[in-house]
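With positions in the sequence shown counted from 1, the corresponding number in my numbering is that position plus 22. Virtual Cβ for every residue (Gly too), placed ideally from N, Cα, C. This one's a predicted model, so the numbers in the text were calculated from it and none came from an experiment.
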Amino acid sequence: MIKILFLFLITFLFGCQTSNLFEDVKKDFAVEKKVTVFDRSNINRQFQIPLNGMILVNKDDTIYSIANKYKVVPKDIIDDNNLVEPYNLKVNQILFLRNKNLYVIRFGDNLEKISLKFAVNKSDIIRINKLSKPYQLKVGNKILIPQTKDFSVVDLIIDKKIYKSEPKISNKNRIINAKSLNSPKFIWPSKGQIIKNFGVFGKGQHYDGVDIKASNNSPIYSIYEGTIAFTGSEIKKFGNLILIKHKNGWLSAYSNVGKFNVKQGSSIKKGELIAYSSNDLDYYHFQLRHNRNPVNPIEFLN
Numbered sequence: 023m024i025k026i027l028f029l030f031l032i033t034f035l036f037g038c039q040t041s042n043l044f045e046d047v048k049k050d051f052a053v054e055k056k057v058t059v060f061d062r063s064n065i066n067r068q069f070q071i072p073l074n075g076m077i078l079v080n081k082d083d084t085i086y087s088i089a090n091k092y093k094v095v096p097k098d099i100i101d102d103n104n105l106v107e108p109y110n111l112k113v114n115q116i117l118f119l120r121n122k123n124l125y126v127i128r129f130g131d132n133l134e135k136i137s138l139k140f141a142v143n144k145s146d147i148i149r150i151n152k153l154s155k156p157y158q159l160k161v162g163n164k165i166l167i168p169q170t171k172d173f174s175v176v177d178l179i180i181d182k183k184i185y186k187s188e189p190k191i192s193n194k195n196r197i198i199n200a201k202s203l204n205s206p207k208f209i210w211p212s213k214g215q216i217i218k219n220f221g222v223f224g225k226g227q228h229y230d231g232v233d234i235k236a237s238n239n240s241p242i243y244s245i246y247e248g249t250i251a252f253t254g255s256e257i258k259k260f261g262n263l264i265l266i267k268h269k270n271g272w273l274s275a276y277s278n279v280g281k282f283n284v285k286q287g288s289s290i291k292k293g294e295l296i297a298y299s300s301n302d303l304d305y306y307h308f309q310l311r312h313n314r315n316p317v318n319p320i321e322f323l324n
């Protein structure tokens, strides 16, 4: 009798609890919950630094959150703004951030020199800085440098170093078909994968050569016999550059290479070692030109 009474009490108690539990769960689903969703849109998002480099501090901003937001170095923010520990910031405080693409005009600068120095298109400099004719640049002023390289500025060096007295052929007659030319038997400057191709890309921009993958300090060879017309690093974004003048109006260009193995003015043979690839990059840029006009190397190299 006692056992039966005990079992009855257990069933009654736990049965009531189970019933109440189900009712609570049902109510839980019936009630609309306000859930806070974590916004992931700003994770790893890089913000553009204004042209003048000036930003306003927002609520909860710190030196380190700003550095992460704009992908700059915290120490640079501290140094450039004369901040002292503990580096507390005030809302609407103005901070200066270094802009990697910001260039300070120096004495003697003009658009052509800046275009050549950074390997960018002159019209792009004019457009993004909203410059007006006659495009006079004042020493000390800052201008924004386009991020997209323009390899066609190699023409400026070619004109100065190679074709000083030869008439320039219009780009309207640009030769892009190997069948229309009786070209020498060129070889590839190295064995490597093409990681960027010749031709049109983006919004109608034209890539005048190819990027060839190369392991650090690997050899680069001349594609044909000729004369070393130029070695140097005048164009900042091209790094070390070699121009070789071949017969019948042909020219080959090798940029972003490492150590040179030839000197300007020397004669070289086909397949001769001219340079080594850079230790800082895993590729180099190569161009082939005929009468100044870029052609697709893939169509001409064996």
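Pull up the DSSP beta-bridge partners for residue i, would you.
i, result
"I71", "For I71, which the question treats as bridged, DSSP gives no partner whatsoever."
"Y306", "I234"
"V126", "K164"
"F282", "A297"
"L323", "F208"
What did DSSP end up calling residue i once you bin it into helix, strand or coil?
i, result
"I116", "strand"
"L153", "coil"
"K353", "An answer regarding residue 353 cannot be provided, because it is not within the stretch 23 to 324 covered by the chain."
"K164", "strand"
"Y298", "strand"
"P316", "strand"
"K93", "coil"
"L138", "helix"
"L78", "strand"
"L105", "coil"
"E54", "Confidence at E54 is low in this model, with a pLDDT of 44, below 50, so its placement is unreliable and the value that follows should be read with caution. Of the three classes helix, strand and coil, the one that applies to E54 here is coil, per DSSP."
How about residue i and residue j: are their beta carbons less than 8 Å apart?
i, j, result
"I100", "I88", "no"
"I250", "Q286", "yes"
"L117", "F208", "no"
"D233", "P316", "no"
"N110", "I167", "no"
"G261", "N278", "yes"
"F129", "V161", "yes"
"N313", "G280", "no"
"L78", "N121", "no"
"E247", "K291", "yes"
"L138", "E256", "yes"
"P206", "K144", "no"
"S299", "I245", "no"
"F220", "I320", "yes"
Which runs of the beta strand (DSSP E) at least 3 residues long sit entirely within the stretch 201-279? Give them in chain order. 216-218, 221-223, 227-229, 232-235, 241-243, 248-254 and 262-267
Report yes or no: do three or more beta-carbon pairs, one from the stretch 149-168 and one from the stretch 273-291, lie closer than 8 Å? no
Between the stretch 209-219 and the stretch 232-243, do at least 3 Cβ pairs fall closer than 8 Å? yes
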